[in-house]
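Residue numbers (this note's numbering), protein chains in the order written: chain A, 3 to 113; chain B, 337 to 449.
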């Protein structure tokens, strides 16, 4: 298996633009997690899905952030409009049992 | 709610020194415990995990961790660190259910040659 695949690896966008991050979990995994990592705040869980259903989105910072999982093999995290403070590395992870497998991350820079 | 505390934010060691990173969790029920490592510029990778059985768990690259239920701890150890162990280490806990994994704030380890 290719592991968790995220795209793009790097994204630079201007403030106010919409940004969409994509994630393909490992085939057969039934849980998917979106994390954000910054120097100031460390690793934060934004939202996680189980069987494509959002279970806990309490980590989503504000209404500008939204996440979807239309099927078991794809998820998106959208930021609209983006702001400079959204600059971070966004990780997607998937799990079947208890161990989470992480993607390579998307480094987002909002200028 | 479950939570994880890592008290050491930044550790600097010389090569061949012994390492112990602290991890405490708060959750009264059955837990699964993990240590992840993140090398510079890379994603998080699993170092070792504890589900049940022998509380002393051995992982990759000579790392081990001991689950002490009475202390709610899962400290990571390595007898002799190498420069290549320079990385950030995250302790994590999962209490089953919907498999939410909660991470600690991480400990940056710097090994000086």
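Think of the CB as a built atom: it goes at the ideal place given N, C-alpha and C, for glycine as much as any other residue.
All values reported here derive from a predicted model rather than from experimental measurement.
Exercise for the section: Express the C-alpha separation of residue 108 of chain A and residue 23 of chain A in angstroms, rounding to a whole number. Expected result: Counting from 1 along the first chain, the entry for residue 23 of chain A is found at position 21. Counting from 1 along the first chain, the entry for residue 108 of chain A is found at position 106. Between the alpha carbons of residue 23 of chain A and residue 108 of chain A lies a gap of roughly 7 Å.
Exercise for the section: For residue 429 of chain B, count neighbouring Cβ atoms within 10 angstroms of its own Cβ and tell me buried if that reaches 16, exposed if not. Expected result: On the second chain, residue 429 of chain B is found 93 positions in, with the first residue counted as 1. Label assigned to residue 429 of chain B: buried.
Problem - Alpha-carbon spacing of residue 8 of chain A relative to residue 27 of chain A, whole angstroms - result: Your numbering for residue 8 of chain A matches position 6 in the first chain. Your numbering for residue 27 of chain A matches position 25 in the first chain. One C-alpha to the other measures close to 9 Å.
Practice task
Express the C-alpha separation of residue 76 of chain A and residue 345 of chain B in angstroms, rounding to a whole number.
Solution key: Within the second chain, the letter at position 9 stands for residue 345 of chain B. Within the first chain, the letter at position 74 stands for residue 76 of chain A. Taking the straight line joining both Cα atoms gives about 35 Å.
Practice task
Using a Cβ-Cβ cut-off of 8 Å, state whether residue 385 of chain B counts as contacting chain A.
Solution key: The residue given as residue 385 of chain B occupies position 49 in the second chain. Yes - at least one Cβ of chain A is within 8 Å of the one on residue 385 of chain B.
Exercise for the section: Tell me, please, whether the CB atom of residue 439 of chain B is closer than 8 Å to any CB atom in chain E? Expected result: In the structure shown, chain E cannot be found, because the protein chains are A and B.
Handout entry: Inter-residue Cα distance where the pair is residue 45 of chain A and residue 63 of chain A
Key = Position 43 of the first chain holds residue 45 of chain A. Position 61 of the first chain holds residue 63 of chain A. Taking the straight line from one Cα to the other gives about 13 Å.
Practice task
Show which residues of chain B have a CB atom less than 9 Å away from the CB atom of residue 69 of chain A.
Solution key: In the first chain, residue 69 of chain A corresponds to position 67, counting from 1. Simply none; closest approach about 15 Å.
Practice task
Please look up how many angstroms separate the CB atoms of residue 113 of chain A and residue 86 of chain A, rounded, as I've assumed it's under 8 Å.
Solution key: In the first chain, the residue the question calls residue 113 of chain A occupies position 111. In the first chain, the residue the question calls residue 86 of chain A occupies position 84. That belief holds up - the Cβ atoms of residue 113 of chain A and residue 86 of chain A are roughly 7 Å apart, short of 8 Å.
Practice task
Spell out whether any CB of chain A is found under 8 Å from the CB atom of residue 445 of chain B.
Solution key: The count along the second chain starts at 1 and reaches residue 445 of chain B at position 109. Output row for residue 445 of chain B: interface = no.
Exercise for the section: On a CA-only basis, which of A/111, A/95, A/16 is nearest residue 29 of chain A? Give me that one, please. Expected result: For the purposes of this step, residue 29 of chain A is taken as residue 27 along the first chain, with counting starting at 1. Out of A/111, A/95, A/16, A/95 has the C-alpha closest to the C-alpha of residue 29 of chain A.
Practice task
Return the first residue and the last residue of the beta strand (DSSP E) that residue 413 of chain B is part of.
Solution key: Within the second chain, numbered from 1, the residue matching residue 413 of chain B stands at position 77. That run of the beta strand (DSSP E) goes 409-414.
Practice task
Measure from the C-beta of residue 45 of chain A to each C-beta in chain B and report whether the shortest distance is under 8 Å.
Solution key: By 1-based counting over the first chain, the position of residue 45 of chain A is 43. Interface criterion met: the Cβ of residue 45 of chain A is under 8 Å from a Cβ in chain B.
Practice task
Let me know if residue 79 of chain A comes out buried or exposed under the rule of 16 or more other beta-carbons within 10 Å of its beta-carbon.
Solution key: Translated into the one-based positions of the first chain, residue 79 of chain A becomes position 77. Buried, since its Cβ has 16 or more Cβ neighbours within 10 Å.
Practice task
Taking C-beta pairs closer than 7 Å, name the residues in chain B that residue 50 of chain A reaches, listed in chain order.
Solution key: In the first chain, the residue the question calls residue 50 of chain A occupies position 48. Ordered by position in chain B, the residues that pass the 7 Å Cβ test against residue 50 of chain A are 436.
Practice task
Could you check how far apart the C-beta atoms of residue 348 of chain B and residue 446 of chain B are, in whole angstroms? I think they sit under 8 Å.
Solution key: Within the second chain, numbered from 1, the residue matching residue 348 of chain B stands at position 12. Within the second chain, numbered from 1, the residue matching residue 446 of chain B stands at position 110. Contact flag correct, Cβ pair sits at about 5 Å.
Exercise for the section: Flag this pair as yes or no: are the beta carbons of residue 383 of chain B and residue 373 of chain B separated by less than 8 Å? Expected result: The sequence position of residue 383 of chain B within the second chain is 47, counting from 1. The sequence position of residue 373 of chain B within the second chain is 37, counting from 1. The answer is yes: Cβ separation under 8 Å.
Handout entry: Of the listed residues B/420, B/354, B/353, B/412, nearest to residue 360 of chain B (C-alpha basis)
Key = Within the second chain, residue 360 of chain B is the residue found at index 24, counting from 1. Checking every option, the nearest Cα to that of residue 360 of chain B belongs to B/412.
Handout entry: Contact check, residue 105 of chain A vs residue 379 of chain B, beta carbons under 8 Å
Key = As a first step, residue 105 of chain A is located in the first chain; it is residue number 103 there, counting from the start. As a first step, residue 379 of chain B is located in the second chain; it is residue number 43 there, counting from the start. Contact: yes.
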